[in-house]
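Worksheet: the structure to be examined is printed underneath.
Number of protein chains: 2
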Amino acid sequence: MANMKQIAKMAGVSLGTVSHVLNSSARVREPLRKRVMEAVEAVGYQPSQLARGLRRDKTNMIGMVIPDVTNPFFPAVVRGAEDIAFANGYRLMLCNTDNDHAKEIVHLNELRTYLPSGLIVIPSNFSDLTAQAASYRKAGTAVVCVDRLPRDWNGDSVTADNEKGAYEATNYVLRQGHTRLAMITGPRHLTNSQNRLEGFKRALQEKHLHIGPEYVQEASFDKHGGYLKALMLLRMIGRPTAIFAGNDMIAFGALLAFREAGLRCPEDISLIGFDNLDLAEMTSPPLSSVSQPGYQMGTAAAQILIDRVRGDHGPAKHIVLETALKIRDSVGVPAEEQQGAVRGTRTSGVATPPRRRASTV
Amino acid sequence: MANMKQIAKMAGVSLGTVSHVLNSSARVREPLRKRVMEAVEAVGYQPSQLARGLRRDKTNMIGMVIPDVTNPFFPAVVRGAEDIAFANGYRLMLCNTDNDHAKEIVHLNELRTYLPSGLIVIPSNFSDLTAQAASYRKAGTAVVCVDRLPRDWNGDSVTADNEKGAYEATNYVLRQGHTRLAMITGPRHLTNSQNRLEGFKRALQEKHLHIGPEYVQEASFDKHGGYLKALMLLRMIGRPTAIFAGNDMIAFGALLAFREAGLRCPEDISLIGFDNLDLAEMTSPPLSSVSQPGYQMGTAAAQILIDRVRGDHGPAKHIVLETALKIRDSVGVPAEEQQGAVRGTRTSGVATPPRRRASTV
DNA sequence: GGCATATAATGAAAGCTTTCAAGGACTGAC
DNA sequence: GTCAGTCCTTGAAAGCTTTCATTATATGCC
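Heads up: the sequence lines are chains F and D, in that order. For the first sequence, our numbering gives the first residue as 1, with consecutive numbering after it. For the second sequence, our numbering gives the first residue as 1001, with consecutive numbering after it.
In C-alpha cells form, the structure reads like this:
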C-alpha cells in the first residue's frame, strides 16, 4: 500500500508538505498542492489510520459496547449511533458483552489501546463502569452511557423516561378496569428495569392498589425469561388479569405462555410491553407497548460524544427522551372476577369502574 | 497510559526483552520474565494495538461489513462471527453499508488502512466487491463473503442452500393444493434472491405449472417492500392463493397487507417466508418459513477467516449450509376457485388434489 | 581454567504519520 | 540593492511496538 513517502517523491516535495496538504494544517502554494493531490489520486493513496492514530493519540473510531446485537432493541441504537458517527467521519467498533461483566472489562481494556475518540456503552448487568470510565476520561476519551446507567454514574447519559413510560402504561391498564396486575421486570440490577418498576408502582399507589410481592417477577430481558415467568404467574391462584412486561421480548415470551396455557389475549388476560419493537404490531394480538426511541438514543449519544471530542467540556449531560404509549389490541377489559381464592391480593375497594377499550391515553 | 519503555525501566531490562516476554517470541530466563510480568501487573499495562498493528502489519481486528444491523437476520450472523472471533482474540469492526454501494466502498477503503486480519462481507445490492477484495488479498488479507455473493465471486463464501430451501417451501405449498402461486422476491441483483426464485420456479416446473411474470414481484428485503408488493398482488384479478415471500420481513409486510385488505391468513390466502426469524412464531398466524442458520453462517465465516490468517492457503471454500422448512399456520388449503377471470394465469390441468394440512414436509 | 558453543539480553531500525523548529524564498520599503 | 518581515517548505523527532543483528552471558568439554 502506498504511503506518504511515495507520494512525496512522486510530487517532488517533502513528507511534511504532503501531510500539510492532506490535513490542511498549513498553507501550501497551489502548484505544490496540486502536484500532491495528483499523486494521491494517481495511486489511490489513503492515510494509514494506524500510524495516524498512533501519532495523534486518537483514532476516528468510536467504541460501542452493547449487551447483545441479537436483541432487536440494541441494533436500533447502534444504527442511530452509526449514522451520526459515519456522517462525521467516525467509525464504530462494536463489541458484544453478552451481558457478561467480565467480557465487558476485556473489551473496555482492549478498546482503549486502540485510542478511540470516544465510547458509547450500554452497560451489562452488574456493570461497574465507573472505574473504567474514569480511566478513559483521564486519557481524554469521552464516554456516554445509554439506556441504563451503572451505579453512581455521573457522566454523560442518554436514557428514556422509563418511569414515566411505565407509569402511563400502567395507568392505561388500570383505566381498563384491571385491579390485579402483575409485572415481569427485567433484571433488577438495571436502572431501566428499576425505573419501570417504580413507574408501575407509582400508578398502583395512586389508585391505592396493593399487590403482593409475588406479582412482581424478575426475568432476563428475553423471550425465554418472559415465557417462564408468565407461566409462573398464570399458575397462581388469583391469577393476574393483566401483565406489564418489562420489555417486548418478555412480552413475546408471555404471549407464548398464554398460547400454551390456552388463554386468549386480551379476553382472558391482558398484556402490555415496553420498547415498541417493530414486530409488536405483527404479533397475535398486536401488542400494546411503550415506545422508546432507540434510534434517537443512538444519535443523541453519538452527537454528545462528537461534541465532546470537538472540545465541549461542559458539565455532564443527562438526556432523557420521551416515551409514548402505543395502543394496540393486547389490553382489554378484565374478565368477570375469577372464581377461586384471591390469596395474596388485597384489592382495594376504589377500583375505577371498567369501561370499554379506550382509544386514547 | 503505560508503555513498554516504562515496563522495561521498572523491571530493569531492555525494551526487547519486554517484547519477548509479552509475545513469547524468544526465551527469557525466569527471573527476568518474572520481573517483567510483575511490572506489567503493577501498572496494568496493555500493549498499544495501534503500534503493534503498525509494526506487525496486521491488527487483531476483523472488519465486518453488513447491509443493515436493523434487519434481524444480520445480527444473528454478526453474533456468530463475533463469538468465534472473540474466542480467538479477534475483535469485530462493524460497518453498515445501508445497502449503499458507495458507502460500502468508503468502508472497504478505510477499513484497509486499519490493517485488519480479515474481512467478512455481506455484500450490498449492486456490490462489485471483486476489485476491492483482490486488492485486499494482494495485501494478504482474507475476505469471506456471506449470505449473498457479488458477481463472479471466486473467493471463500458461506451461504445457505437458498435454491433448495425455496424449492422445498414451494413444494410444500403446492402439496396443499395451491396452483396459483406468487412470489415476492428480494432485490434481483442479490444472488440469494435469485437462487430462491430459481427454487420456486423449479418446483413449479416440475408440476408443469406456469405463472405469468406479474406473479413474480420484486421488493426490497423489508417490511415496507413486502407490504407494497403484497397489496399489488392482492389487487390482481386472479389473485394468487399463496404467496412465497423472499424473506420473513417481506412476509411480515405481506401479513400487514392481508390484514388491511381484510383477508384472513391462511383461510383466504396462504403465506410462507424465508429466514425463520425468531419472531416468525409470534405473528398472527404464526408464519411458516424456511429456516436459515444465520448464527452458523457467522461462525463458519469467522472460522474460515481465522484459518486463513493462520496460514491456510488452500483453494477457495464454498460452504453451503442446509435450510429447514419450519411449518406453522400460515399455509392452508386453497379456498374454492375464486370467482372472476383468471387472466394471466394458465393453470395446468395436473394440479395435485388438495388435502388437509400436512404435518411434515 | 580456558575455549568453543549455545543461550540470553540488548540496542537500534523500521513501520507511517504528525508536528515543530528552522531554513529558504520571496515581497515591499527605503 | 538591501534589509526586515512574510510566507512556504523542509527535515527530523516522536509516538509504541516488533525484529534482527549484535553483544554479553552461561554452559559444556577437555
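Quick reminder that beta carbons are idealized off the backbone N, C-alpha and C, glycines included.
Looking only at its own chain, which residues have a Cβ that is under 7 Å from the Cβ of F/G332, when we skip the five neighbours before and after it? Q176, P266, E267, S270 and R357
Which residues bound the beta strand (DSSP E) around F/V144? A142 to V146
Have a look at the DSSP bridge pairing and note the partners of F/V216. F/V216 pairs with F/M183.
Which residue or residues does DSSP assign as beta-bridge partners of D/G1063? DSSP, once it has assigned bridges, lists D/M1093 and D/L1119 as partnering D/G1063.
Please list the terminal residues of the continuous beta strand (DSSP E) segment that includes D/I1105. Per DSSP, D/I1105 belongs to no beta strand (DSSP E); it is in the alpha helix (DSSP H), H1101 to R1112.
For the segment 57-67 of chain F against the segment 278-289 of chain F, are there 3 or more C-beta pairs whose distance is under 8 Å? no
Of the residues F/G80, F/N96 and F/A87, which one's Cα is nearest the Cα of D/A1087? Per the Cα distances, F/N96.
Burial state of D/R1373, where buried means 16 or more other Cβ atoms lie within 10 Å: For residue 1373 of chain D there is no data in the structure shown, the boundaries of chain D being 1001 and 1361.
Partner residues on chain F for D/Q1046, Cβ-Cβ distance less than 9 Å: N109, E110, R112 and T113
DSSP-derived helix/strand/coil call for D/G1016: helix
Assigned exposure category for D/K1138 - 16 Cβ within 10 Å defines buried: exposed
Contact set for F/A11: own chain, Cβ-Cβ below 6 Å, skip 5 residues either direction: R35, V36 and A39
Looking at the structure shown, is F/I319 part of a helix, part of a strand, or coil, going by DSSP? strand
If we call anything under 8 Å between Cβ atoms a contact, is D/V1065 one with D/H1101? no
Assuming D/A1324 is part of the beta strand (DSSP E), what are its boundary residues? Following the DSSP letters along the chain, one finds D/A1324 inside the beta strand (DSSP E) bounded by residues A1324 to K1326.
Grouping DSSP H, G and I as helix and E and B as strand, with all else coil, what is D/S1124? coil
Residues within the segment 75-100 of chain F neighbouring chain D, beta-carbon criterion of under 9 Å: P75, A76, V78, R79, E82, D83, F86, R91, L92, M93, L94, C95, N96 and D98
Three or more C-beta pairs below 8 Å linking the segment 1228-1240 of chain D and the segment 1199-1206 of chain D: no
Identify whether F/I243 lies in helix, strand or coil by the three-state DSSP scheme. strand
F/I184 versus D/K1103: straight-line alpha-carbon distance, rounded: 42 Å
Any beta-carbon of chain F closer than 8 Å to the one on D/M1282? yes
Runs of alpha helix (DSSP H) lying entirely within the segment 31-83 of chain F, each at least 4 residues, in chain order: Correct list: 49-56.
Assuming contact is defined by CB atoms lying nearer than 8 Å, are F/P31 and F/S124 in contact in what I supplied? no
Between the segment 1251-1262 of chain D and chain F, which residues of the former have a C-beta closer than 8 Å to a C-beta of the latter? Contact annotation: in the segment 1251-1262 of chain D, residues whose CB is within less than 8 Å of a CB in chain F are F1252, L1255 and L1256.
Return no unless some Cβ of chain F is closer than 8 Å to the Cβ of D/G1053. yes
Could you compute how far the alpha carbon of D/A1114 sits from the alpha carbon of D/I1272? Rather than Ala, the amino acid found at residue 1114 of chain D in this sequence is Tyr. Roughly 43 Å between the two C-alpha positions.
Whether F/Y215 touches F/A76 by CB criterion (8 Å): no
Going straight from the alpha carbon of F/H20 to that of F/G53, what length do you get? 16 Å
Spatial distance of F/A365 from F/L209 (CA atoms): Shown here, chain F extends from 1 to 361; a query on residue 365 of chain F therefore has no answer.
Output the boundary residues of the alpha helix (DSSP H) element that contains D/G942. For residue 942 of chain D there is no data in the structure shown, the boundaries of chain D being 1001 and 1361.
Three-state secondary structure assigned by DSSP to D/A1335: In the structure shown, the three-state DSSP call for D/A1335 is coil.
Taking all protein chains shown into account, do 16 or more other C-beta atoms lie within 10 angstroms of the C-beta of F/N109, making it buried, or fewer, making it exposed? Here F/N109 is exposed, its C-beta having fewer than 16 other C-beta atoms within 10 Å.
Nearest residue (CA-CA) to F/D161, options F/S127, F/V290 and F/H224: If we check each option's Cα against that of F/D161, F/V290 comes out closest.
Under the assumption that D/G1186 contacts D/Q1292 (Cβ atoms under 8 Å), give the Cβ distance between them as a whole number of angstroms. Not quite, the Cβ-Cβ distance comes to about 13 Å (not below 8 Å), so this is no contact.
8 Å Cβ cut-off: residues of chain F touching D/A1131: Per Cβ cutoff of 8 Å: no residues; D/A1131 is ~11 Å from chain F at best.
Cβ neighbours of D/P1285 in the same chain (closer than 8 Å, five flanking residues each side left out): C1265, P1266, R1328, D1329 and S1330
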